[in-house]
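Protein chains in written order, with our numbering: chain A, 1 to 167; chain B, 1 to 261; chain C, 1 to 938; chain D, 1 to 357. Structure first, commentary second.
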């Protein structure tokens with residue numbers, strides 16, 4: 001009888017201070033963990049900017065131009081009357097494909113994905129074409145490339161007027 | 001029955017000696033028990049165990065070797081930290097220094113081959129444990145701890161791979177970390193990431209997905225080097241250390257090295 | 001309450017304590033979250049966004065108003081109609097679309113086929129080539145296979161192309177069917193497109209649910225709109241324990257509009273930079289992305305925590321008070337480099353723009369540096385880059401031949417007393433050495449110094465004898481021939497004294513200073529007395545020199561002349577000597593040493609010590625002291641000198657670098673005030689009597705002398721040509737060409753005296769490099785031949801070395817961006833009829849009226865044309881003939897071809913260009929063969 | 001001969017070969033586990049090693065410092081595999097005779113002192129291990145390549161050797177499968193082993209007969225999938241991740257005919273000869289159906305054919321989780337075969353959602 005009483009007392013207590021205590025404790029610990037999670041994302045980073053001005057369209061020869069590849073990871077390609085900014089990140093696993101001028105293709109050394117000069121994949125494991133970036137002419141007629149805006153062929157976005165410049 | 005005590009005996013009779021070793025030489029049953037039970041390192045062991053537990057043909061001693069390699073990695077790793085700076089500027093040069101002029105720079109080789117050896121011994125340990133069915137009750141939990149230790153071993157090795165900061169390092173990590181990019185819903189290149197969108201606002205992008213969190217950046221750069229360094233030298237070793245303690249504790253508590261019931 | 005057995009505490013109580021502690025714990029975690037989240041810069045960014053929105057709203061409104069609503073309505077209606085019309089084609093379009101869809105499948109199939117063939121071709125190419133190379137037996141077979149696949153590939157690509165073309169056609173036909181709608185839409189787009197863009201831009205920065213989510217605590221890792229902005233400078237570094245780390249500026253986090261034009265009237269931090277053309281702007285020379293902010297402004301640019309942490313520095317105490325109230329600001333402590341005060345920002349130019357005489361647009365800095373040079377600061381204090389400069393004071397090699405000892409003593413004792421505008425600073429009678437004791441010691445020093453310097457002086461006898469001169473004529477000459485380009489002269493109308501003070505000495509009281517013989521000799525040939533002087537020769541005739549001497553010698557300083565300097569007190573001299581020797585010896589021994597010396601030796605020894613003490617040799621050339629070390633502390637890095645290393649004495653001043661420098665320039669002896677320093681330790685820096693503005697400029701220039709390390713890439717780098725020009729510019733400045741000539745708008749103080757007729761003054765040098773031939777200028781500087789015989793002002797003869805002349809030429813060539821010589825060969829051959837036309841033009845335009853040399857006997861009013869061809873470049877002659885007014889507004893040369901229209905339509909078909917060239921050729925011919933002028937006499 | 005070996009080691013042949021060998025090993029484990037076999041095998045292997053090492057290309061790859069651990073691993077795994085089967089065969093024989101396994105004999109169950117028996121054993125292995133590491137470190141220098149250069153990827157860019165199995169899987173699967181889901185399932189599968197395997201026998205001694213199923217599946221994953229793929233990925237994948245035989249020179253320009261086609265393309269374009277539907281789900285319907293069939297129909301069929309006994313002994317939940325893991329594991333060889341036989345790229349290809357299977 002006494003045992004039962006104690007048990008019920010405990011139960012009431014459990015839903016009283018003990019429950020409150022544990023939930024507050026859990027909330028605070030959870031909050032700390034959330035802060036630590038937030039901590040892992042820096043507020044500033046020192047990576048290259050996501051946009052840049054790339055000179056005049058007339059600066060570019062027909063074909064693939066590699067001058068911005070190292071600084072910004074972009075190929076400027078002049079092909080069939082349009083100019084576009086092609087990402088140099090392989091769509092397979094993010095290696096950096098090489099432009100092979102002799103074979104007129106981009107070839108990824110990691111897993112052998114191959115892309116045409118347009119960025120369309122045709123060999124190897126790459127699931128989709130290389131991405132293109134937003135490219136527009138600014139008020140001075142210079143090329144402005146914005147890497148935050150991505151255009152992907154498989155979504156039909158390469159028809160978007162911001163994904164290329166007609167030259 | 002010589003009157004004069006030998007030098008060794010004299011030493012053994014000093015208070016200092018006695019304060020350290022609370023028993024005589026382990027030549028009799030009492031002392032054999034005491035030496036194991038009274039030593040903080042040895043007391044992980046039972047005082048007596050089944051004969052099969054000491055037979056190399058049965059145990060392969062791969063678990064023991066794994067632990068030993070882990071310890072030697074910890075020692076060489078801590079020593080290497082004296083000469084290594086995890087920055088883009090210096091990391092490679094410091095490795096060159098180890099190779100070229102740091103006294104006992106060969107510790108880098110010991111550390112690297114030790115790391116490979118640990119992967120091998122851990123795998124083989126698991127192979128043996130499986131083949132002897134030692135995961136079966138009551139050792140299910142410890143098998144689980146073991147599996148996690150196996151994963152952590154690979155992660156330790158993987159995070160250490162970046163530190164030399166050479167081509168081999170960054171491209172291996174680039175390939176590896178790009179898999180994180182493909183994590184469903186959490187990586188910006190994974191299935192479902194495109195769905196996480198409010199209006200024009202893309203919630204999973206290359207600057208806030210799991211890969212970014214891992215690398216501290218959009219690509220393998222200096223922040224990634226620092227993060228991997230800390231994971232490699234502090235975070236994962238701590239977790240591994242704790243889990244090893246649990247693992248050993250449970251080996252004892254689950255009945256020692258397995259043997260037919 | 002009774003406890004259960006085995007329990008120390010009541011479980012209930014434990015639970016309560018647990019709940020309570022957890023609650024505190026949770027609150028503190030929450031507090032920490034807020035503390036981390038709430039940052040002052042976010043407030044500024046929100047405010048900035050609001051201002052941007054406001055502005056966009058205004059622009060949108062304006063744009064909307066500028067649009068014609070009815071026109072747009074009409075267009076929209078038209079589109080509706082056109083759309084309805086094109087609906088007729090709906091079925092056709094649908095059919096085409098279906099066909100296209102089918103075609104897509106075909107194209108897809110063929111592209112797969114093409115891909116297969118392509119893969120086979122590439123693989124087989126490798127295989128076949130390999131087997132060929134290794135001469136394997138299956139090579140032929142592989143080649144055959146390759147050939148087959150190549151054929152397949154070719155046909156597949158061909159077919160594919162065909163279908164793709166077909167698809168293009170179909171697309172086009174759909175467009176054509178819809179062309180009207182598309183065209184109208186485009187028209188509408190052109191009209192309202194900008195508006196749409198603006199609206200999009202406004203929407204992008206609006207505060208809505210998404211932006212709240214993006215900036216929410218904990219979620220703000222996703223992609224916050226409020227974020228720290230930064231510029232990482234590749235070429236500018238912070239020093240961290242001898243390591244150079246790239247400097248990072250985060251100022252734009254709060255100063256959001258700094259690079260955006262249109263917010264000039266706002267308060268900081270929402271203000272546009274006042275000079276976007278030069279600074280910050282993307283197309284300026286110093287874009288913020290490359291140069292950041294702190295590079296010029298100083299301060300802790302990488303900090304963003306609050307207003308204080310940046311080390312903002314107020315312009316003045318008023319602003320300081322304002323900031324104290326507004327931002328809780330206080331003087332920055334423990335900050336390596338606080339911001340420059342706004343008015344001192346120019347100082348920062350210096351660290352990158354080195355090796356140049358003048359930094360464009362940094363007027364105050366240039367002014368300050370000019371003053372540092374003029375007052376000779378560099379001669380006592382080492383300043384890197386200034387080592388090669390001439391000593392600022394006159395040479396004392398032949399002092400004995402110029403002034404007597406009595407004059408010298410009185411002059412040294414108080415130069416201003418004799419010449420209130422002299423550059424020579426005051427050493428004596430200052431706030432720290434005016435006690436009778438110190439004065440007596442100073443007098444002994446001056447006496448000894450005089451004896452010593454005179455003992456070193458060479459003998460000098462003037463090579464001219466002055467007998468008699470007309471002071472009136474002299475006065476006139478002085479004001480006409482160009483002395484006033486450098487000197488201010490006592491006795492002239494004060495308005496005439498337009499030369500910058502201190503360029504050449506103020507000529508006052510010369511009658512009480514030098515002898516007339518010396519004066520005349522100096523005027524006729526300055527280098528006779530001092531071969532290093534910059535004073536040029538005016539090629540004076542004997543009578544001219546005598547007249548000027550008479551005039552100058554008339555100026556007397558009676559009071560000064562009557563001064564009798566106290567004689568040397570031997571006891572004080574000995575005391576000083578002992579004191580000096582005792583610095584390295586025991587007192588007794590020092591006394592013995594002095595006693596062992598004769599009286600003359602003692603005086604001369606004290607003179608030598610005094611010379612070294614005051615560093616006279618720093619500014620003046622004194623025999624035997626040419627290589628003596630500079631006396632003052634180095635100023636090269638004074639802008640980075642730690643505050644603690646400045647001596648503050650007992651002065652109650654704010655401990656700031658600029659405050660110290662200013663106080664020091666105002667009264668360098670103030671730091672001794674209230675101290676009990678012995679005589680030998682008193683501050684010796686002389687008093688310069690600078691104006692407040694001068695001091696401010698000099699403070700600024702000195703603040704710019706910082707030790708910041710700037711790598712070569714970050715510096716303004718001069719081309720080889722520019723370096724030469726800079727050296728030339730140094731010569732031009734040293735010789736004070738600017739005193740007379742207005743060179744491309746700069747200088748020409750003396751012209752103030754020629755306001756009535758600028759043509760009577762020294763010529764303006766407008767784009768001299770394009771005007772005169774390099775060779776001519778080079779020769780001219782060596783041997784001045786007057787060009788305008790009609791003007792009284794004279795180009796003096798400077799004694800320039802060949803190198804200096806070359807540099808001056810380079811300077812002018814570079815300024816005019818002229819780098820090559822003109823090829824004038826073809827201008828020496830006449831086209832048929834051209835010569836006659838030229839003569840006719842020459843006569844019709846009455847050129848000989850002014851340029852009468854060799855043609856008429858009239859007094860020439862213009863330069864001799866017979867010399868023009870050697871002097872001027874043909875291209876420039878032609879330009880000058882065409883439109884002289886545009887080059888020199890005050891010229892008397894008429895612009896005959898004003899507006900490009902020819903005054904002589906008959907000649908050469910009225911072609912202005914041809915006419916100008918014909919005249920140019922004629923001038924060239926006259927130069928080549930001066931006798932042709934004779935044919936014009938008829 | 002070398003040509004032939006080159007050709008045979010291509011995964012198309014060598015993977016089925018490895019599977020056949022594995023089946024033979026299970027079938028004839030008693031022969032495999034005999035000492036006689038070991039002796040013969042040792043002689044044969046030494047001969048083969050000598051033959052292989054004679055080739056300069058093979059020698060180059062095998063002596064690359066980072067590949068040494070793999071060689072060591074393979075030597076050890078071969079030995080220990082033989083050892084387990086040797087012991088298992090011995091025990092199985094005893095059990096057939098109604099005796100207890102060797103580990104269970106009274107002399108082996110006897111309790112012995114930890115000091116010095118175990119402590120010394122440990123000390124010996126530690127000394128031996130240290131010595132081994134020192135010698136290894138002296139003989140082979142840790143690799144160090146050019147300084148990191150993010151703009152230029154080496155060819156081939158390989159992950160650390162222990163992950164090369166995963167990297168090899170990437171040839172057949174998309175990263176989310178090969179890099180996240182499958183490794184995740186491996187870990188989950190390993191963790192689940194004690195709870196899947198309800199067979200109480202074989203605890204604490206080597207046996208095959210008593211744990212046929214468990215050992216067969218485990219060894220299939222461990223030997224045939226994991227280790228085999230590492231072997232391929234390390235030794236036989238050269239520039240551009242192209243396959244090279246063990247004796248082949250790693251020519252940067254080698255191209256392999258590869259033009260992979262999606263299942264949807266097979267169905268709509270090649271099969272029906274029509275265009276691909278615009279609707280993504282409709283477009284990929286065949287792939288979705290196939291995948292669904294693999295699990296929904298494959299499972300019951302397999303259960304009916306072979307699994308009834310397991311279902312009964314394991315219970316439903318255990319059984320289906322187990323079968324799901326097995327199906328996932330088996331999907332890898334299936335995908336490999338599909339690729340080799342039909343140049344099949346993806347069963348489901350939805351690049352729009354990064355969802356490719």
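Yeah, the Cβ is synthetic: ideal placement off N, Cα and C, and Gly gets one too.
- request: Name, in chain order, the residues that DSSP records as bridge partners for residue 70/B.
  value: None; residue 70/B has no bridge partner.
In chain order, what residues of the same chain lie with their CB nearer than 8 Å to the CB of residue 1/B, ignoring the 5 residues before and after it?
-> Bear in mind that the predicted position of residue 1/B carries a pLDDT of just 46, short of 50, making it too unreliable to give a figure here.
Q) How long is the line joining the alpha carbons of residue 532/C and residue 278/C, rounded to whole angstroms? A) 41 Å
**Prompt:** Does the separation of the CB atoms of residue 262/D and residue 132/B fall below 9 Å?
**Reply:** no
Report task. Look at the alpha carbon of residue 110/A and the alpha carbon of residue 58/D, and state the distance between them as a whole number of angstroms. Result -> 21 Å
Looking at the structure shown, is residue 153/D part of a helix, part of a strand, or coil, going by DSSP?
coil
Could you name the residues of the segment 118-135 of chain A whose beta carbon sits closer than 7 Å to any beta carbon of chain C, in the order they occur along the chain? 122 and 123
Rounding to the nearest angstrom, what Cα-Cα distance links residue 437/C and residue 611/C in this structure?
20 Å
When the cut-off is 9 Å and only beta carbons count, does residue 1/A lie next to chain C?
Any reading at residue 1/A is ruled out, since the residue's pLDDT is 44, under 50, leaving its predicted position unreliable.
Spatial neighbours of residue 947/C within its chain, please: C-beta separation below 7 Å, excluding the five flanking residues on both sides. No answer is possible for residue 947/C: it lies beyond the span of chain C, which begins at 1 and ends at 938.
DSSP state of residue 934/C mapped onto helix, strand, coil = helix
For this session: Take the Cβ of residue 947/C as the centre, count every other Cβ of all protein chains shown within 10 Å, and call the residue buried at 16 or more, exposed below.
Result: It is not possible to answer for residue 947/C, since the shown part of chain C is limited to 1 through 938.
- Are the segment 187-198 of chain C and the segment 59-67 of chain C touching by the rule of at least three beta carbon pairs closer than 8 Å? yes
Margin query: Considering only the alpha carbon of each residue, which of 561/C, 593/C and 606/C lies closest to residue 573/C?
Written below: 606/C
>> Run through chain A and tell me which residues come within less than 7 Å of residue 64/D, C-beta to C-beta.
In response: The contacting residues do not exist; residue 64/D stays about 17 Å from chain A at best.
Item checked: Start-to-end residues for the beta strand (DSSP E) that takes in residue 240/C -> 231-240
**Q.** First and last residue of the uninterrupted alpha helix (DSSP H) at residue 194/C
**A.** 179-204
- Delimiting residues of the beta strand (DSSP E) encompassing residue 170/A: Since the first and last residues shown for chain A are 1 and 167, residue 170/A lies out of range.
Identify the contact partners of residue 210/C in chain B, using a Cβ-Cβ distance below 9 Å as the criterion. 198, 199, 200 and 201
Same chain, Cβ closer than 6 Å to residue 245/D, five either side skipped, listed in chain order:
6 and 9
Check: How should residue 775/C be labelled, buried or exposed, when 16 other C-beta atoms within 10 angstroms of its C-beta is the threshold for buried?
Finding: exposed
Practice task
Within 10 angstroms of the Cβ of residue 281/D, are there 16 or more other Cβ atoms? Answer buried if so, exposed if not.
Solution key: exposed
> Relative to chain C, which residues along the segment 204-216 of chain B have a C-beta separation below 8 Å, given in chain order?
Replying inline: 205, 207 and 208
Name the residues in the segment 160-184 of chain D whose C-beta lies less than 9 Å from a C-beta of chain B; which are they? 160, 161, 162, 163, 166, 167, 170, 174, 175, 176, 177, 178, 179, 180, 181 and 183
query: Could one say the Cβ of residue 87/D lies closer than 9 Å to chain C's Cβ atoms, at least one of them?
result: no
Which whole runs of the alpha helix (DSSP H) in the segment 591-662 of chain C are 4 residues long or more, in chain order? 599-614 and 616-619
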